[in-house]
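Protein sequence lines correspond, in order, to chains A and B. Each residue of the first sequence is one higher than the one before, counting from 11 in the working numbering. Each residue of the second sequence is one higher than the one before, counting from 11 in the working numbering. Virtual Cβ for every residue (Gly too), placed ideally from N, Cα, C. Quick caveat, the model's predicted, so the values are computed rather than measured.
Protein chains: 2
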Amino acid sequence: MTPEPADGLAGLSINQETVKQWSLPELAEGCRAAGIGSVGLWRAPVQEYGVERAARLMRDSGLTVTSLCRGGFFTASDPDERAAALKDNRAAIDEAAALETGTLVLVSGGLPPGDRDIAAARERVADAVGDLAPYAAARGVRLAIEPLHPMYASDRCVVSTLGQALDIAERFPAGQVGVVVDTYHLWWDDRVPAQIGRAGAGGRIACFQVADWVTPLPEGVLLGRGQLGDGCVDLRGLRRQVDAAGYEGVTEVEIFSPALWARDGAEVLAEVAERYRRHVL
Amino acid sequence: MTPEPADGLAGLSINQETVKQWSLPELAEGCRAAGIGSVGLWRAPVQEYGVERAARLMRDSGLTVTSLCRGGFFTASDPDERAAALKDNRAAIDEAAALETGTLVLVSGGLPPGDRDIAAARERVADAVGDLAPYAAARGVRLAIEPLHPMYASDRCVVSTLGQALDIAERFPAGQVGVVVDTYHLWWDDRVPAQIGRAGAGGRIACFQVADWVTPLPEGVLLGRGQLGDGCVDLRGLRRQVDAAGYEGVTEVEIFSPALWARDGAEVLAEVAERYRRHVL
Chain A
11 MTPEPADGLA GLSINQETVK QWSLPELAEG CRAAGIGSVG LWRAPVQEYG
61 VERAARLMRD SGLTVTSLCR GGFFTASDPD ERAAALKDNR AAIDEAAALE
111 TGTLVLVSGG LPPGDRDIAA ARERVADAVG DLAPYAAARG VRLAIEPLHP
161 MYASDRCVVS TLGQALDIAE RFPAGQVGVV VDTYHLWWDD RVPAQIGRAG
211 AGGRIACFQV ADWVTPLPEG VLLGRGQLGD GCVDLRGLRR QVDAAGYEGV
261 TEVEIFSPAL WARDGAEVLA EVAERYRRHV L
Chain B
11 MTPEPADGLA GLSINQETVK QWSLPELAEG CRAAGIGSVG LWRAPVQEYG
61 VERAARLMRD SGLTVTSLCR GGFFTASDPD ERAAALKDNR AAIDEAAALE
111 TGTLVLVSGG LPPGDRDIAA ARERVADAVG DLAPYAAARG VRLAIEPLHP
161 MYASDRCVVS TLGQALDIAE RFPAGQVGVV VDTYHLWWDD RVPAQIGRAG
211 AGGRIACFQV ADWVTPLPEG VLLGRGQLGD GCVDLRGLRR QVDAAGYEGV
261 TEVEIFSPAL WARDGAEVLA EVAERYRRHV L
């Protein structure tokens, strides 16, 4: 039984990392109370809770799982490491299928130690996507390549722009491989409007995620994302661009922020909903 | 009287921030001792020492000043702030002329507080460059637009790619406005080989700077550059690209690193020279 979403929140999905302080049952109950009908989940907490059990909890709570984060880390050149990555990604696809989400987000991986050939690393990503796409498609899961901000290019994700993600995705059928448009990673790039158009025309936008850009960046630059409206990103402008490109999915709010994690989850969720209405919708 | 550069070091210039622990006279003496004939200078230490006095020191030491860092910070929309920025940049041009360097490096500036229109901010940069270019040219100084890594787009430099820098530079004569190619800022971008070609064909490469990319990035991400060879950048590959594009200037080593600043300057300089020979030359 799907609860009715609250006013204006039908298109909102909460990525669970935004309220990382919550367990999965707390997330389900918190979303129900806030009138939010969709969530994005992460593999580690789902595995810890149990995949089938998490799937049942989501079903019983009437929650739609809009994405599973994340597969990927495809850049190892060592054959054993590569085989292990592919095996782990098949498990991630199985988990996505169990959660009944059609979208598995892929973060490509960084450069192996001592490696200075980023173009070759990107090709290894494309090869792995090609290996996995049919397996995913057979299970109703689409792979969604996420470009991460160039500050992560060496140690996390060699795919840094929407253009690069599309260059890989477009080698495969649109039903099998799409891309993630995340405002935090892409806001600075003047080519993004054209690339969102290209992605939309090809039916490639698998997921639209939002977070704001705030400075100073913290050490390691991983946990410095801003609450919607606190930074310099034209969130509504980007949302309108994906809309105009034909994207009909939800907006997933994914904010990694120790400041949000230190607060009461329900209070954070209410703030996110208010900011979403004010700055995105 | 220009001293003969040491073997293999004729094309090497030391940006003074790499050995920030040194005063200007220490820099001049250290370069002489190491057989290095060129330096890049910064405005603040030059002003502190005295512009004319610094110019005389460089001349008397036989050192060529390959660039002055930096003008710029053009993104204010407030008219008074904008006028102040233009005035300060004319002073920077005068200082560059006094130091007999043909290259003033420009860092564009970030987004003003509350501003979410990065495209408009880039246009304000282009307008300021247009205002200043004739003044600079009349004094024998070329403006060199430096794209900074996208992680600085909000608070330091809205020009993030070599393509964006060229889009601005190419509105003006090549003798008046060029670009800086800095490996630290550009290494991750798959379009850089084509853009270096474009820059070279147009005679736009005013300065080639090198530093390596290492992680984790420190808080604020300003002072985390790596010694040549310590990171993941294909420094030699990029140097060969600027060579192939027709660049005939020096390679300026510009590494902001508290670890290097904590050491003996002469030891750092010797290490830089060795790393330059091994990883760049």
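Check: Could you pull out every residue in the same chain whose Cβ sits closer than 6 angstroms to the Cβ of residue 136/B, ignoring the five residues on either side in sequence?; Outcome: 178
Check: Measure the Cβ-Cβ separation of residue 79/B and residue 50/B and say whether it is below 8 angstroms.; Outcome: yes
Check: Just to confirm before moving on: does the CB-CB distance between residue 156/A and residue 218/A stay below 8 angstroms?; Outcome: no
Check: Since residue 238/B and residue 278/B are thought to touch, with beta carbons under 8 angstroms apart, how far apart are those beta carbons, to the nearest angstrom?; Outcome: In fact, because the Cβ distance is near 12 angstroms, the residues do not count as touching under 8 angstroms.
Check: Check whether the Cβ of residue 233/B lies closer than 8 angstroms to any Cβ atom in chain C.; Outcome: Protein chains in the displayed structure are A and B, and chain C is not among them.
Check: Pairs of beta-carbons, one from the region 131 to 146 of chain B and one from the region 80 to 100 of chain B, closer than 8 angstroms: are there three or more?; Outcome: yes
Check: Between residue 263/A and chain B, is the shortest Cβ-Cβ distance under 8 angstroms, so that the two count as touching?; Outcome: no
Check: What's the C-alpha gap between residue 208/B and residue 176/B?; Outcome: 8 angstroms
Check: Looking at C-alpha atoms only, which residue of 76/B, 111/B, 71/B, 119/B is the closest neighbour of residue 84/B?; Outcome: 119/B
Check: Do we get a CB-CB distance below 8 angstroms when we pair residue 226/B with the residues of chain A?; Outcome: yes
Check: Take the Cβ of residue 70/B as the centre, count every other Cβ of all protein chains shown within 10 Å, and call the residue buried at 16 or more, exposed below.; Outcome: exposed
Check: Under 8 angstroms between C-beta atoms, does residue 282/B make it to chain A?; Outcome: no
Check: To the nearest angstrom, how far is the alpha carbon of residue 274/A from that of residue 52/B?; Outcome: 48 angstroms
Check: If we count the other Cβ atoms within 10 Å of its Cβ and call it buried at 16 or more, is residue 130/B buried or exposed?; Outcome: exposed
Check: Hey, would you say residue 109/B sits closer than 8 angstroms to residue 75/B, going by beta carbons?; Outcome: yes
Check: Return yes when the Cβ of residue 255/B is within less than 8 angstroms of the Cβ of residue 215/B, no when it is not.; Outcome: yes
Check: Let me check you understand the geometry: is the CB of residue 164/A closer than 7 angstroms to at least one non-hydrogen atom of the ligand NAP?; Outcome: As presented, the structure is devoid of all ligands, the ligand NAP included, so that no description of it is given.
Check: Only counting runs of 4 or more residues, tell me where the alpha helix (DSSP H) segments fall wholly within the region 80 to 150 of chain A, in order along the chain.; Outcome: 89 to 108, 128 to 148
Check: Across which residues does DSSP place residue 50/B in a beta bridge pair?; Outcome: 25/B, 77/B
Check: Quick one: is residue 181/B near chain A, going by C-beta distance under 8 angstroms?; Outcome: no
Check: Less than 8 angstroms between CB atoms is the rule here; does residue 128/B satisfy it with respect to chain A?; Outcome: yes
Check: Along the chain, where does the alpha helix (DSSP H) that runs through residue 248/A open and close?; Outcome: 245 to 254
Check: Below 7 angstroms CB to CB, which residues in the same chain sit around residue 18/A once its five sequence neighbours on both sides are set aside?; Outcome: 287, 291
Check: Alpha carbon to alpha carbon, how far is residue 197/A from residue 168/B?; Outcome: 11 angstroms
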